[in-house]
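Numbering (the UniProt record's numbering), first residue to last: 1 to 145.
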């Protein structure tokens, strides 16, 4: 991981380390704001990823964990309440993350992209009840969406 981050400028490296907080904010704020449950879940996930992510990403998530809570709090102050201008700024910052990913080796880039995508999905689904996946395993507009 260190070799991957060494390829990047300091600014790009920090953006990549803030990426889980960025995608958490974007996913959680899709309904207007981030609540305590979404925030707590995102913070817990930042810790869990230090050992549940693919081994190639463990060092990355150990670095993320050091700054995650502070970054998430900073983003909450910056983007909430979430309006259209704030959402657009947040989306632009997330797009920059994907531009930085293009500078990394293919395997690392793919693993990190998949991990960030699942991170966003997890935080965005905090309020779904586990029975929903058994009763309504398919996506049904108006019921599960």
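Cβ coordinates follow ideal geometry from the N, Cα and C atoms, glycine included.
Please tell me whether residue i and residue j are closer than 8 Å, where the distance is taken between their beta carbons.
i, j, result
"residue 24", "residue 57", "no"
"residue 20", "residue 116", "yes"
"residue 16", "residue 94", "no"
"residue 46", "residue 63", "no"
Roughly how many whole angstroms lie between the Cα atoms of residue i and residue j?
i, j, result
"residue 101", "residue 91", "16 Å"
"residue 41", "residue 98", "23 Å"
"residue 5", "residue 37", "31 Å"
"residue 112", "residue 61", "10 Å"
"residue 107", "residue 54", "11 Å"
"residue 48", "residue 83", "30 Å"
"residue 121", "residue 68", "17 Å"
"residue 78", "residue 3", "32 Å"
Can you find the residues in the same chain that come closer than 6 Å, C-beta to C-beta, to residue i, ignoring five residues on each side of it along the sequence?
i, result
"residue 12", "100"
"residue 51", "none"
Between which residues of its own chain and residue i is the CB-CB distance below 7 Å, once the five residues before and five after are set aside?
i, result
"residue 34", "25, 28, 76 and 80"
"residue 88", "none"
So, at 8 Å on beta carbons, what are the nonlocal neighbours of residue i in its own chain, with the 5 sequence-adjacent residues on each side left out?
i, result
"residue 7", "103 and 104"
Exercise for review: For the segment 26-74, list the alpha helix (DSSP H) runs that are entirely contained and at least 4 residues long, ordered along the chain.
Suggested key: 36-52
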